[in-house]
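Taking this note's numbering, I'd label the letters of the sequence shown as residues 126 to 254. Cβ atoms here follow ideal geometry from the backbone N, Cα and C, with glycine treated the same way. Just so you know, these numbers come straight off a predicted model, no measurement behind them.
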Amino acid sequence: MNGVGTPQERGIDLGDALREWVARLASLLVATQHMSEALRSVGPSNGARASESYAQVFDTIDTFVAAGVATGTIRSDLETADVVLAMGGLLRLDVSGDWKGQADRQVRLLVDGLQAGTHPHPLNAGTAE
126 MNGVGTPQER
136 GIDLGDALRE
146 WVARLASLLV
156 ATQHMSEALR
166 SVGPSNGARA
176 SESYAQVFDT
186 IDTFVAAGVA
196 TGTIRSDLET
206 ADVVLAMGGL
216 LRLDVSGDWK
226 GQADRQVRLL
236 VDGLQAGTHP
246 HPLNAGTAE
């Protein structure tokens, strides 16, 4: 992630580390939303930089998912792309309202849903074929 080692190697609970990282990402997204509005008024966006940033976020999430699956703390039926998609709610935070409360609820929902021991429910469960 940052060259210092995995959370487990540093004696940090993986769930706590993921929760903290996603919360920091939410704060960054809110700040970026304000910044991007200002930058849009100045000129075109830099697609290459956005793509590089996305790759870094994806790689970090991939590290968390792989480590969590390896230690049995994150469900093994998930892929990194699933987690990124689930994080999409962070992009919709109401920056003019209680974004911190929204972010906290989104982070808890996300992290709780990743926990091992929760069972996936097929979309067609309970329907007649």
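First through last residue of the alpha helix (DSSP H) which encompasses residue i
i: residue 210; result: 205-211
i: residue 227; result: 224-239
Pairwise C-alpha distance: residue j and residue i
i: residue 219; j: residue 202; result: 31 Å
i: residue 149; j: residue 142; result: 11 Å
i: residue 225; j: residue 206; result: 25 Å
i: residue 223; j: residue 155; result: 11 Å
i: residue 231; j: residue 213; result: 10 Å
i: residue 153; j: residue 177; result: 16 Å
i: residue 139; j: residue 240; result: 11 Å
i: residue 235; j: residue 211; result: 7 Å
Simplified DSSP state of residue i, which is helix, strand or coil
i: residue 186; result: helix
Neighbour-count burial assignment, residue i, 16 or more Cβ in a 10 Å radius
i: residue 228; result: buried
i: residue 199; result: buried
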